[in-house]
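Line by line, the protein sequences are chains A and B.
According to the numbering used here, the stretch in the first sequence is residues 70 to 182, in order.
According to the numbering used here, the stretch in the second sequence is residues 18 to 131, in order.
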Amino acid sequence: TQLLEQSPQFLSIQEGENLTVYCNSSSVFSSLQWYRQEPGEGPVLLVTVVTGGEVKKLKRLTFQFGDARKDSSLHITAAQPGDTGLYLCAVPTYPYNTDKLIFGTGTRLQVFP
Amino acid sequence: EAQVTQNPRYLITVTGKKLTVTCSQNMNHEYMSWYRQDPGLGLRQIYYSMNVEVTDKGDVPEGYKVSRKEKRNFPLILESPSPNQTSLYFCASSFYAAEQETQYFGPGTRLLVL
């Protein structure tokens, strides 16, 4: 059983569309991170959310941490081909210590021009 | 440029032939980790290190060894590789500031064990 469930697993959309991907769990976490991994590269940290209900924006990307700190969503507005990649959420197994991270299986996004 | 480097990037080997994948970071980070990434299973932590000479098991440590003799280097050792260790491996280093931690990943090493 996966601690973190990400949905959808795969998403193919046209440039300009909006999308939302989800990261869900039955456990409560002190923080949650989102990463993007492009083909042939390692994951790159996008954002860390730490407060229940917190919303962070990174250009066209909006991240929200659930009120109960069990889930998170990533919304992309007007997707572009450069957004293509694998989106991973991750949580620490110890509070405030991400040395021991658990990752979701990811959402693979393809944005067509 | 701040970075994590791994070598080799690609490796094909045979069962039982010892190999080492090197990892080096130039950011003076105390924390370093190794992960493997497999389809359907995502990224799983193999080992991590909180500082020089301090290492601990992650979620899938069986068949692997690590060492941390210097702060910048964290090699991953497969003493007797087996086909189920065929995978994509990532090294990462991280720092902790303002109650948040940032991990930097290397470019990955794709290993095939025949």
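Just so you know, even glycine gets a beta-carbon here, dropped at the ideal spot from N, CA and C.
Remember, it's a predicted structure, so these values are computed and weren't measured experimentally.
If you look at B/Met67, you'll find it in the beta strand (DSSP E) that goes 59-68. Comparing alpha carbon positions, the residue from A/Ser76, A/Leu88, A/Leu80 closest to A/Ala148 is A/Leu88. Of the candidates A/Phe132, A/Leu157, A/Glu84, the residue whose Cα lies closest to the Cα of A/Phe181 is A/Glu84.
For the options B/Leu128, B/Leu129, B/Thr126, B/Phe122, the alpha carbon positioned closest to that of A/Gly111 is the one of B/Phe122. At least one C-beta of chain B is nearer than 8 angstroms to the C-beta of A/Gly173. By the Cβ-count criterion, A/Gln106 is buried, with 16 or more other Cβ atoms from all chains shown falling within 10 Å of its own Cβ.
In this structure, the straight-line span from the alpha carbon of A/Pro150 to that of A/Ser81 is close to 11 angstroms. In the DSSP assignment, B/Val130 falls within the beta strand (DSSP E) that extends over 126-130.
DSSP places B/Met49 inside the beta strand (DSSP E), whose first and last residues are 48-55.
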